[in-house]
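Asks: Could you have a look at this structure, given as structure tokens, before my questions?
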Amino acid sequence: MMEILHCTVNNKPVEVGIDPRESLADTLRQRLGLTSVKKGCEVGECGACTVLVDGVAIDSCIYLSVWAQGKTILTVEGLQNENGELTPLQKAFVEEAAVQCGFCTPGIIMSAVEIVGSGKLYTRDELRKLISGHLCRCTGYENILNAVERAVNETHKFVGKEEE
Amino acid sequence: MYDIGSIYQATSVADAIRALQADPAALVIAGGTDVLIKIREGKLAGCSLVSIHELTGELSGITLADNGDVEIGPLSTFRDVTFSPVIREKIPVLGEATDMAGGPQLRAAGTIGGNVCNGITSADSASTLTALDAVMVVRGPAGERQVPISQWYKGVGKVDLAHDELLVKIVIPREHYEGFTGHYIKYAMRNAMDIATLGVSCLVKLSADKGTAETVKLAFGVAGPVPMRSPAAEAAVSGLPIGEAIEKIGKAALGDVNPRTSWRASKEFRLQLVEELSGRALREAARKGGAAV
Chain V
1 MMEILHCTVN NKPVEVGIDP RESLADTLRQ RLGLTSVKKG CEVGECGACT
51 VLVDGVAIDS CIYLSVWAQG KTILTVEGLQ NENGELTPLQ KAFVEEAAVQ
101 CGFCTPGIIM SAVEIVGSGK LYTRDELRKL ISGHLCRCTG YENILNAVER
151 AVNETHKFVG KEEE
Chain E
1 MYDIGSIYQA TSVADAIRAL QADPAALVIA GGTDVLIKIR EGKLAGCSLV
51 SIHELTGELS GITLADNGDV EIGPLSTFRD VTFSPVIREK IPVLGEATDM
101 AGGPQLRAAG TIGGNVCNGI TSADSASTLT ALDAVMVVRG PAGERQVPIS
151 QWYKGVGKVD LAHDELLVKI VIPREHYEGF TGHYIKYAMR NAMDIATLGV
201 SCLVKLSADK GTAETVKLAF GVAGPVPMRS PAAEAAVSGL PIGEAIEKIG
251 KAALGDVNPR TSWRASKEFR LQLVEELSGR ALREAARKGG AAV
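Chains as they are written, first to last, in this note's numbering: chain V, 1 to 164; chain E, 1 to 293.
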């Protein structure tokens, strides 16, 4: 019982046959080859499968692919600046040594894309809360927070919004 | 791949009700943050689902009615509730409570309707909705009916919702929130991605001089099989000077609650939490209302 899913993935229109029982994480990994989307806990606790659906970070392991009909999905594969290099957010992760084994990294990057994209400034505690849907067993989170904070602050200089 | 027997994607509320009538075994799936996890655990193997996930046009959104009632579409996510300008202005305590469920990604997917339809005592929105005496508007083949939240919970995982009915609106009547300030405390082992060991929601209406707790409403999650109010505590402290009310509310609540021992915490510890956190929640609610406590 296949269904056709039409959506936009990483800025390209996609038409793909899916099983209505599969999660968006399954579709992205197995049918579209986007293996930055990691399957960790598969019950929406670890955040490794986080992608943006219509600009909002969700756990793709507990999101049915049939719900993605007509929506816009972004994964780490869709991130790059004009000349194909890493984005400033990704560079911040490299420069702050926020990556160790790397399994949690793509998911956290996607949450950070939403955080940075808000154009707002956040306190350290607010950032801690905003990435609290991710588990990292290597870093102890400090360098991840440093990287997100750096990307937030740098982006804010260019496209910052005033506090509401 | 989830072990799902069939999934029907409803195109409207009426369509969903028809689909539920046609399949007596079907389950409703909304945000999916409970149902899919149960399927993953193997508990609902081969289940048939009616998805209302895409009915946001009919079932999502938070508005202020002409009469001042706050109306919440049950498909509104926790995040929708927290960031709703109406909730922030009129009932901030509810937005604070929904901001404590799970983590950010879960709050962007899980719905407030699912949180109260699953009948779970630890649901983060439930104790505050109980304190607010929310009204559940339910639609079935015969039309709509209203259920006060005090009659909503029928037992663990059971609510007053027939198989072919859907929750279509949660109403907070104006007189239930106006003039009140509230505070919700979630006691859990972690600050995120955890389930409440105990939840306490307290609302207070202060006198004009901010010295007296004129009306107090106190509700708990995980202090019994379903979210519950403490009528004894409310009666004991309503009308008292605020300091005295804070001092007395915890002990007064003990007679109304019936927590159990689970792997998360013992009954004795939960009773200790009821006694201690009730006063703290009232103090914070009163502080938000302008009391010098």
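Even for Gly, the Cβ is constructed at its ideal location relative to N, Cα and C.
Count the other C-beta atoms from every protein chain shown that fall within 10 angstroms of the C-beta of V:V94, then say buried if there are 16 or more, exposed otherwise.
Replies: With fewer than 16 Cβ atoms within 10 Å of its Cβ, V:V94 is classed as exposed.
Asks: Answer with yes or no whether the minimum CB distance from V:E164 to chain E is below 8 Å.
Replies: Low local confidence applies: a pLDDT of 49 at V:E164 is under 50, so the model's placement there is unreliable, and no value is given.
Asks: My guess is that E:A291 and E:I242 are in contact by the Cβ rule of under 8 Å, so how many angstroms apart are they, rounded?
Replies: Going by Cβ atoms, the distance from E:A291 to E:I242 rounds to 5 Å, so yes, they are a contact pair.
Asks: Taking E:M1 and V:D54 to be in contact with their CB atoms under 8 Å, please state how far apart those CB atoms are, rounded to whole angstroms.
Replies: Their Cβ separation, rounded to whole angstroms, is 24 Å, which puts E:M1 and V:D54 out of contact at 8 Å.
Asks: For V:P106 versus V:S23, is the C-beta spacing smaller than 8 Å?
Replies: Going by C-beta atoms, V:P106 is not nearer than 8 Å to V:S23.
Asks: Among V:A48, V:Y141, V:V43, which residue has its Cα nearest to the Cα of E:V35?
Replies: Comparing Cα positions, the closest option is V:V43.
Asks: Between E:V204 and E:A286, which are expected to be in contact by the criterion C-beta below 8 Å, what is the C-beta distance as a whole number of angstroms?
Replies: About 5 Å separates the two Cβ atoms, so the contact holds.
Asks: Whole-angstrom Cβ separation of E:V216 and E:L282, contact assumed at under 8 Å?
Replies: That pair is a contact at about 7 Å.
Asks: Going straight from the alpha carbon of V:M1 to that of E:G5, what length do you get?
Replies: Rounded to whole angstroms, V:M1 to E:G5 spans 11 Å at the Cα level.
Asks: E:L240 to E:A45, Cα distance in whole Å?
Replies: One C-alpha to the other measures close to 54 Å.
Asks: Going along the chain, which residues of its own chain have a beta-carbon closer than 7 Å to the beta-carbon of V:A151, five neighbours each way excluded?
Replies: If we look at V:A151 and ignore the five residues flanking it on each side, its Cβ neighbours are P88, L89, A92, A112, V116.
Asks: Where does the unbroken alpha helix (DSSP H) through E:T98 begin, and where does it stop?
Replies: 92 to 98 is the extent of the alpha helix (DSSP H) around E:T98.
Asks: Taking only beta carbons into account, state which residues of the stretch 2 to 21 of chain V come closer than 9 Å to chain E, listed in chain order.
Replies: Those residues of the stretch 2 to 21 of chain V that come within reach of chain E (Cβ to Cβ, closer than 9 Å) are D19, P20, R21.
Asks: Who does E:C47 pair with in a DSSP beta bridge?
Replies: E:C47 pairs with E:I4.
Asks: Report back the beta-carbon spacing between V:C138 and V:A68 to the nearest angstrom; my notes put them in contact at under 8 Å.
Replies: Their Cβ separation, rounded to whole angstroms, is 31 Å, which puts V:C138 and V:A68 out of contact at 8 Å.
Asks: With the cut-off set at 8 Å, would you say E:G73 and E:H53 are in Cβ contact?
Replies: No; because the gap between Cβ atoms is not below 8 Å, this pair is not in contact.
Asks: Can you list, in chain order, the residues of its chain with a C-beta nearer than 6 Å to that of V:E164? Leave out the 5 residues immediately preceding and following it.
Replies: Bear in mind that the predicted position of V:E164 carries a pLDDT of just 49, short of 50, making it unreliable; the figure below should be weighed with that in mind. Cβ within range, chain order: n/a, list empty.
Asks: Check V:C7 in the structure and name its three-state DSSP category.
Replies: Strand, per DSSP.
Asks: For V:R21 and E:T111, I'd like the C-alpha separation in whole angstroms.
Replies: Taking the straight line joining both Cα atoms gives about 21 Å.
Asks: Name the residue from V:K71, V:K120, V:L127 whose alpha carbon lies nearest to the alpha carbon of V:N11.
Replies: The shortest C-alpha separation from V:N11 is found at V:K71.
Asks: Could you tell me if the beta carbon of E:K217 falls within a distance shorter than 7 Å of some heavy atom in the ligand ADP?
Replies: As for the ligand ADP, it is missing from this structure, which has no ligand bound.
Asks: State whether the stretch 260 to 269 of chain E contacts the stretch 160 to 179 of chain E, with contact taken as three or more CB pairs (one from each stretch) at a distance under 8 Å.
Replies: Cβ pair count under 8 Å is below three, so no.
Asks: Label E:I7 either buried or exposed according to how many other C-beta atoms from any shown protein chain fall within 10 Å of its C-beta, with 16 as the threshold for buried.
Replies: Burial call: buried.
Asks: With 7 Å as the limit, tell me which residues of the stretch 29 to 48 of chain E have their beta carbon closer than that to any beta carbon of chain V; keep them in chain order.
Replies: Those would be G32, T33, L36, I37, R40, in chain order.
Asks: Going by the CB atoms, is the gap between E:M193 and V:G33 shorter than 8 Å?
Replies: For V:G33 and E:M193, no; Cβs fall outside 8 Å.
Asks: Using a 10 Å radius around the Cβ and a threshold of 16 neighbouring Cβ atoms, would you call E:F78 buried or exposed?
Replies: Its Cβ being crowded by 16 or more others within 10 Å, E:F78 is buried.
Asks: Roughly how many whole angstroms lie between the Cα atoms of E:S201 and V:D59?
Replies: One C-alpha to the other measures close to 29 Å.
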